[in-house]
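A quick write-up on the structure given underneath.
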Amino acid sequence: MTYFELLKAASLRIRRADAIELLSFVTELSAAELVRDYGEVCADSAATALEPLIIRAEHDEPAAYITGKREFRGLTFQVTPDVLIPRSDSEPLVDAAVRSAQTRGGGEITILDLCCGSGCLGLAAIAKLPGASLIAIDISDKALAVTRRNAETLGLAERLTLIQADALSVWENTDFEADILISNPPYVTASEMSALDRSVRDYEPHLALFGGTDGLDFYRALAENIPRLLAPDGVLILECGSTQKSAVEAITAGISNCVIIPAGTQL
Ligand code: GLN
Numbered sequence: 000m001t002y003f004e005l006l007k008a009a010s011l012r013i014r015r016a017d018a019i020e021l022l023s024f025v026t027e028l029s030a031a032e033l034v035r036d037y038g039e040v041c042a043d044s045a046a047t048a049l050e051p052l053i054i055r056a057e058h059d060e061p062a063a064y065i066t067g068k069r070e071f072r073g074l075t076f077q078v079t080p081d082v083l084i085p086r087s088d089s090e091p092l093v094d095a096a097v098r099s100a101q102t103r104g105g106g107e108i109t110i111l112d113l114c115c116g117s118g119c120l121g122l123a124a125i126a127k128l129p130g131a132s133l134i135a136i137d138i139s140d141k142a143l144a145v146t147r148r149n150a151e152t153l154g155l156a157e158r159l160t161l162i163q164a165d166a167l168s169v170w171e172n173t174d175f176e177a178d179i180l181i182s183n184p185p186y187v188t189a190s191e192m193s194a195l196d197r198s199v200r201d202y203e204p205h206l207a208l209f210g211g212t213d214g215l216d217f218y219r220a221l222a223e224n225i226p227r228l229l230a231p232d233g234v235l236i237l238e239c240g241s242t243q244k245s246a247v248e249a250i251t252a253g254i255s256n257c258v259i260i261p262a263g264t265q266l
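The numbering of the sequence shown is numbering that gives the first Met the number 0, which starts it at 0 and goes up by one.
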């Protein structure tokens, strides 16, 4: 069977993008190489290895959890079911952080990634900013372990500090004075939780998704903690749900430099 025939058959069962990601994983060929080799015969061993992965994807398991990795802002991040899968929706936050660091002259700035999960936001930002260091905070020690592994693989571990803390609590004795605070906090509302796609609802960590009844609990806690997290002239860069921008603007109204990027924004 050729790669083309194998992908065609797989695409009748699962999303084509997932079929390509899984075939790329078992063959260790990039998607571009697969396209180049479409007409080549695929080794039987690859077809055999692909089948159980297709079955998992047929049960809505996300391809990123099956392969254990996902591309984000040109970097490969390891993911486990303990962390949200990096989404292209969040890439504009990285660009905003990099732009803002560059306008501040680059240099030795500190970025704080609150609710860091895989670490994709903060690590992708400091990967582009040689002088920057990252403080990555999450409530989940399993998520922090994923952030650490990603930092090691990407050669960024020396610029990383990990802290386990609950973003919903009040941080009395803290003073990070970060130059940039970047965050994709949980923001899914109670009613949206039950309506989520099965691949998200049944596989991704609810801890990283559920933002309280109206989805805004983390933004309220953040606004309260901000003087202890961000330097007075620091920049706050937040993702929110596609319909939450004005609500988050109202919550963060007292913060002077604030960039709010709703999911689905193309910049
Ligand atoms: N964008 C994610 C989703 O809709 C939610 C991410 C989050 O809550 N921060 O599945």
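We put the beta carbon where it would ideally sit given N, CA and C, even for glycine. Bear in mind the structure is a predicted one, so any value in this text is a computation, not a measurement.
Residue i versus residue j: straight-line alpha-carbon distance, rounded
i: V82; j: D165; result: 15 Å
i: A46; j: A222; result: 52 Å
i: K127; j: E70; result: 16 Å
i: E203; j: Q163; result: 20 Å
i: Q101; j: I179; result: 11 Å
i: E57; j: R200; result: 15 Å
i: Y186; j: W170; result: 20 Å
i: T188; j: I250; result: 16 Å
i: V40; j: M0; result: 5 Å
i: A156; j: E4; result: 42 Å
i: R98; j: A135; result: 20 Å
i: L21; j: N172; result: 47 Å
i: I125; j: A131; result: 6 Å
i: C239; j: R55; result: 30 Å
i: G211; j: G154; result: 36 Å
i: T79; j: C119; result: 13 Å
i: S23; j: R12; result: 17 Å
i: T242; j: I84; result: 21 Å
i: K244; j: A16; result: 30 Å
i: L161; j: E90; result: 22 Å
i: A220; j: D112; result: 15 Å
i: A48; j: S117; result: 27 Å
i: D43; j: I53; result: 15 Å
i: R103; j: T264; result: 24 Å
i: P231; j: G121; result: 20 Å
i: R158; j: K7; result: 44 Å
i: D213; j: D59; result: 27 Å
i: F209; j: M192; result: 7 Å
i: V25; j: G106; result: 41 Å
For residue i: DSSP bridge partner residues
i: I259; result: L237
i: I179; result: I110 and V234
i: F209; result: V187
i: T1; result: V40
Contact under 7 Å by Cβ, residue i with residue j
i: N149; j: F217; result: no
i: A177; j: G233; result: yes
i: D174; j: R227; result: yes
i: I110; j: L133; result: yes
i: I259; j: L92; result: no
i: S182; j: C114; result: yes
i: S168; j: P61; result: no
i: A142; j: R72; result: no
i: A194; j: L215; result: no
i: A9; j: A18; result: yes
i: Y64; j: L33; result: no
Heavy atom of the ligand GTP within 6 Å of residue i beta-carbon
i: N183; result: Ligands present in the displayed structure are limited to the ligand GLN, and the ligand GTP is not among them.
Sequence ranges, alpha helix (DSSP H) only - wholly within the region 41-118, length at least 4
43-57, 62-66 and 90-102, all fully within the region 41-118.
For the region 119-173, list the alpha helix (DSSP H) runs that are entirely contained and at least 4 residues long, ordered along the chain.
Runs of the alpha helix (DSSP H) spanning 4 or more residues and lying entirely within the region 119-173 occur at 119-126 and 140-152, in chain order.
Which whole runs of the alpha helix (DSSP H) in the region 221-253 are 4 residues long or more, in chain order?
244-250, all fully within the region 221-253.
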